[in-house]
Amino acid sequence: MTRTRAATVSQDAPPADNNPAPATTSTTDTAESAATAPAQATSTDKKEAPTIRFIPHHEPRASRPSLTFPIITRTIAAAGQRVKVGRYSERDQAVDSQASAKTAAPVGFKSKVVSRRHCELWCDNGQWFIKDVKSSSGTFLNHVRLSSPGMESRAYPLNDGDIVQLGIDFKGGEEVIFRCVKIRIECNRGWQKSLNQFNTATHKNILKQAKVNNAKDTDAQSTHSSECSICLNPVAPCQALFVAPCSHVWHYKCIRTLIYPSWPSFQCPNCRAYADLEADVEPPEE
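Position 246 (the sequence shown) corresponds to 312 in our numbering; numbering is contiguous.
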């Protein structure tokens, strides 16, 4: 049987795709994945900036307490920044404390045993490091001195919960200005201050319980309010709150001066109800 040239070409050629839709779909999926890839990478790369907190550390067995200072927070906003720690200077501390918490501003302590340039801290790939920069009275990490007096030390890894001591008590630390500085370090705990399901649900539960417990109170309107009656700012999650037995809620910072002068008695500034803050805690009645 003789085959024509046209028949040979038609048999040798690959079969035509009668349904080109899948090819179009795959192309579309590829384009969509390519478009979403940068967005996913951006969300993944968008991490919280490294933060560090200096918390006063007081050893119970010490004969005298170390220097007391407010909690200090610093943030590494850009790569290569370092937090410089030394003696307090009016020039370096001109920045507002709340504003400097979001920067790597220098940290100063009002103690004569701390050198003007004492140590430096920085973060590299999520790991914090500390280095003594030729201080005279020394930098101690978990009770171990990093270098000799006037000598610069190598970089030491700094972990969450470590104890850093700046200097040694002079003249027994009788005067506050001659006391050493002991710091408990908190590294990269910014996630604890962010909103999450737990603290949001707890905040809603507190407000809900306040409404239920004060259903018979004549001052229900102030109880149901979601703002502090002292500063008139909102009461929100991730804030330090004080809840009185009458279920009125304030910011702890606002109500603190009203708590301790008459401790353990407390008079609610909203409803004038008295409460014993040292009363035994009893389970709620069903």
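Quick reminder that beta carbons are idealized off the backbone N, C-alpha and C, glycines included.
Residue i - containing alpha helix (DSSP H), residue span
{"i": "Leu-324", "result": "318–325"}
Rounded C-alpha distance that separates residue i from residue j
{"i": "His-184", "j": "Ala-144", "result": "22 angstroms"}
{"i": "Pro-330", "j": "Val-309", "result": "15 angstroms"}
{"i": "Tyr-222", "j": "Gly-174", "result": "21 angstroms"}
{"i": "Ala-115", "j": "Asp-198", "result": "24 angstroms"}
{"i": "Thr-169", "j": "Ile-121", "result": "17 angstroms"}
{"i": "Ile-234", "j": "Arg-245", "result": "7 angstroms"}
{"i": "Phe-195", "j": "Glu-156", "result": "26 angstroms"}
{"i": "Thr-205", "j": "Glu-252", "result": "17 angstroms"}
{"i": "Glu-293", "j": "Phe-332", "result": "20 angstroms"}
{"i": "Ile-296", "j": "Leu-324", "result": "11 angstroms"}
{"i": "Ile-321", "j": "Gln-193", "result": "38 angstroms"}
{"i": "Lys-248", "j": "Met-217", "result": "21 angstroms"}
{"i": "Ser-213", "j": "Gln-263", "result": "46 angstroms"}
{"i": "Cys-337", "j": "Val-315", "result": "12 angstroms"}
{"i": "Thr-134", "j": "His-317", "result": "24 angstroms"}
{"i": "Arg-119", "j": "Ala-167", "result": "9 angstroms"}
{"i": "Lys-274", "j": "Arg-250", "result": "36 angstroms"}
{"i": "Tyr-326", "j": "Arg-148", "result": "40 angstroms"}
{"i": "Pro-311", "j": "Ala-341", "result": "7 angstroms"}
{"i": "Lys-319", "j": "Leu-307", "result": "8 angstroms"}
{"i": "Ala-345", "j": "Thr-266", "result": "28 angstroms"}
Cβ-based burial, residue i [other Cβ within 10 Å; buried from 16]
{"i": "Thr-117", "result": "buried"}
{"i": "Leu-298", "result": "exposed"}
{"i": "Asp-190", "result": "exposed"}
{"i": "Asn-271", "result": "exposed"}
{"i": "Arg-130", "result": "exposed"}
{"i": "Arg-182", "result": "exposed"}
{"i": "Ser-202", "result": "exposed"}
{"i": "Asn-376", "result": "Only positions 67 to 352 of the chain appear in the structure, and residue 376 is not among them; the question remains open."}
{"i": "Pro-136", "result": "exposed"}
{"i": "Asn-225", "result": "exposed"}
{"i": "Pro-172", "result": "buried"}
{"i": "Cys-334", "result": "buried"}
{"i": "His-209", "result": "exposed"}
{"i": "Cys-304", "result": "exposed"}
{"i": "Val-301", "result": "buried"}
{"i": "Val-347", "result": "exposed"}
{"i": "Lys-237", "result": "exposed"}
{"i": "Glu-186", "result": "buried"}
{"i": "Thr-141", "result": "buried"}
{"i": "Lys-150", "result": "buried"}
{"i": "Thr-139", "result": "buried"}
{"i": "Gly-146", "result": "exposed"}
{"i": "Ser-313", "result": "buried"}
{"i": "Ser-219", "result": "buried"}
{"i": "Ser-132", "result": "buried"}
Delimiting residues of the beta strand (DSSP E) encompassing residue i
{"i": "Thr-141", "result": "138–141"}
{"i": "Tyr-340", "result": "340–342"}
{"i": "Thr-117", "result": "117–122"}
{"i": "Gln-333", "result": "331–333"}
{"i": "Glu-252", "result": "247–253"}
{"i": "Val-151", "result": "149–153"}
{"i": "Phe-135", "result": "Taken as a continuous stretch (DSSP letters only), Phe-135 belongs to no beta strand (DSSP E), as it is neither H nor E."}
{"i": "Val-309", "result": "307–309"}
{"i": "Phe-353", "result": "Because the chain here runs from 67 to 352, residue 353 falls outside it and cannot be looked at."}
{"i": "Val-173", "result": "173–175"}
Residue i at chain B interface by Cβ criterion, 8 angstroms
{"i": "Glu-218", "result": "The structure shown contains no chain B, having only a single protein chain."}
Is it true that the stretch 172–184 meets the stretch 238–247, where meeting means three or more beta-carbon pairs spaced less than 8 angstroms apart? Touching, per the Cβ criterion.
Complete beta strand (DSSP E) runs within the stretch 188–239 (minimum length 3 residues, chain order): Runs of beta strand (DSSP E) with 3 or more residues, each lying fully within the stretch 188–239, are found at 193–198, 205–207, 222–224, 229–232, listed in chain order.
Does the stretch 223–239 come into contact with the stretch 120–134, if we say contact requires no fewer than three beta-carbon pairs (one atom in each stretch) closer than 8 angstroms? yes
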